[in-house]
Structure formats: structure tokens, C-alpha cells
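Notes to accompany the following structure.
In this note's numbering, the protein residues as written are 2 to 117.
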């Protein structure tokens, strides 16, 4: 849960909200084939649920009043990975800042798989 303070009161954002927001923004970028599991926990959840889930491949943490966003993706074969990562970074940062009013410190994009 990430809490921010506004003049009229506090607003709390759940981890699921950020996961959905970031995941959908990333998936809409050219070349992103799928969200990749962050680790063993995501892999087990995928096996148990048998489907994708909102928080798959996404982690958002607060750092000095700003957000650090980590994204794990799979890209299509033949894609310029550097260009795709840059596009994802800008898109995710814009979407999160516009939707929440919070500032993003950095977006870390990890390409974990290439899908043919």
C-alpha cells in the first residue's frame, strides 16, 4: 500500500492497482509479447492460477517520496530491445504520473525472454 498526502487528505494506492496500471501500459507497447514472472513466486502463481494475473512481472516501491517501478517482460524475436525498453519506460512513467499524480523516480525494464 502506497500512501500519498494531498491538501484535502490522504490517498492510499494498493499494490494491485499499480500492478494493473503498469502491466496494461507495458503490454500496450510495441514488441511486448507478455509479462514475465519476476521470480519463483510469480511462476508458482501462474501454475496454480493457470493464467496471467495483474501483478505478474511488476513491482512498485516508494523511495524518497517517488516511485521505483520494476517490470519484467518477454519481447518478440527480432525487436530492437533498447528502443522497446525506452518506449516502455516513457509510456509507463507517463501513465502512472498522469493517473496518480505521483512522481516516478525510475522505471527498470528487464527483458527476461524472447518469444519467436
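Backbone N, C-alpha and C define an ideal beta-carbon position, used for all residues, glycine too.
Original post:
When burial is assigned at 16 or more other CB atoms within 10 Å of the CB, is residue 20 buried or exposed?
Top reply: buried
Subject >> Member of 25, 72, 38, 24 whose CA lies at the smallest distance from the CA of residue 111 >> reply: 72
Subject >> Three-way DSSP call (helix, strand, coil) for residue 68 in this model >> reply: strand
Subject >> Cβ pair count under 8 Å reaching 3, the segment 72-87 against the segment 29-39 >> reply: yes
Original post:
In angstroms, rounded to a whole number, what distance separates the CA positions of residue 70 and residue 88?
Top reply: 15 Å
Original post:
Considering only residues of the segment 66-113, which uninterrupted beta strand (DSSP E) runs meet the minimum length of 3 residues and lie entirely inside it, listed in chain order?
Top reply: 67-77
**OP:** Determine the burial state of residue 9: buried for a count of at least 16 other Cβ atoms within 10 Å of its Cβ, exposed for fewer.
**Re:** exposed
Subject >> Selection from 105, 106, 90 that minimises the alpha carbon distance to residue 29 >> reply: 90
Original post:
At which residues does the beta strand (DSSP E) containing residue 10 begin and terminate?
Top reply: 10-14
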